[in-house]
Amino acid sequence: MSADFSSVRNHNERAVYEAVVRHADRFPGLMHKPDLLADVACVALNRLPPRYIRHEVDFVFYLSERERGESERQLLEAVDYAFGFVQARTAMRARA
0 MSADFSSVRN
10 HNERAVYEAV
20 VRHADRFPGL
30 MHKPDLLADV
40 ACVALNRLPP
50 RYIRHEVDFV
60 FYLSERERGE
70 SERQLLEAVD
80 YAFGFVQART
90 AMRARA
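Below is the structure:
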């Protein structure tokens with residue numbers, strides 16, 4: 000049996016990447032460091048439940064308005080936490 004899973008992805012990945020870029024200017028010590036922004040994205044994604052979809056419309060169609068709002072709140076909370084975490088770790092390394 001052959002199957003093509005190339006269209007399956009975690010909805011939170013793109014949403015987190017976009018949120019990291021949008022909020023990077025609030026963290027000047029990180030915003031021009033692509034490796035650290037990637038770390039921020041990893042930390043944020045690890046705090047969120049995966050939401051696998053094939054098409055963006057799947058996410059919109061299968062969640063209620065309340066669930067979409069809650070998902071957005073969780074995403075922003077995870078991104079804020081991740082920026083703080085990476086920033087703190089970077090500061091600790093600089094002191095060592």
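If you're matching positions, the sequence shown starts at 0 in numbering that gives the first Met the number 0 and goes up one per residue. No residue lacks a Cβ here, since even glycine has one placed at the ideal position from N, Cα and C. Predicted model only: the values in this text are computed from it and were never measured.
Mind the definition here: the stretch 17 to 30 touches the stretch 58 to 69 only if three or more C-beta pairs lie below 8 angstroms; say whether that holds. no
- Between which two residues does the alpha helix (DSSP H) harbouring Asp79 extend? Along the sequence shown, one-based indexing puts residue 79 at 80. Note, Asp79: alpha helix (DSSP H), Glu64 to Arg94.
- Run through DSSP, which three-state label would Arg8 get? The count along the sequence shown starts at 1 and reaches residue 8 at position 9. In this structure, Arg8 counts as strand in the three-state DSSP scheme.
Taking the alpha-carbon of Phe84 as reference, which of Ile52, Ala2, Glu12 and Asn45 has the nearest alpha-carbon? Translated into the one-based positions of the sequence shown, residue 84 becomes position 85. Looking at the Cα atoms, Asn45 is the closest of the given residues.
For Arg92 and Ala14, the rounded distance between their alpha carbons = As a position in the sequence shown, residue 14 is number 15, starting the count at 1. As a position in the sequence shown, residue 92 is number 93, starting the count at 1. Looking at the two C-alpha atoms, the distance is approximately 29 angstroms.
Exercise. Quick one: using the 10 Å Cβ neighbour count with 16 as the cut-off for buried, is His54 buried or exposed?
Key: Residue numbering aside, residue 54 sits at position 55 when the sequence shown is read from its first letter. With fewer than 16 other Cβ atoms within 10 Å, it is exposed.
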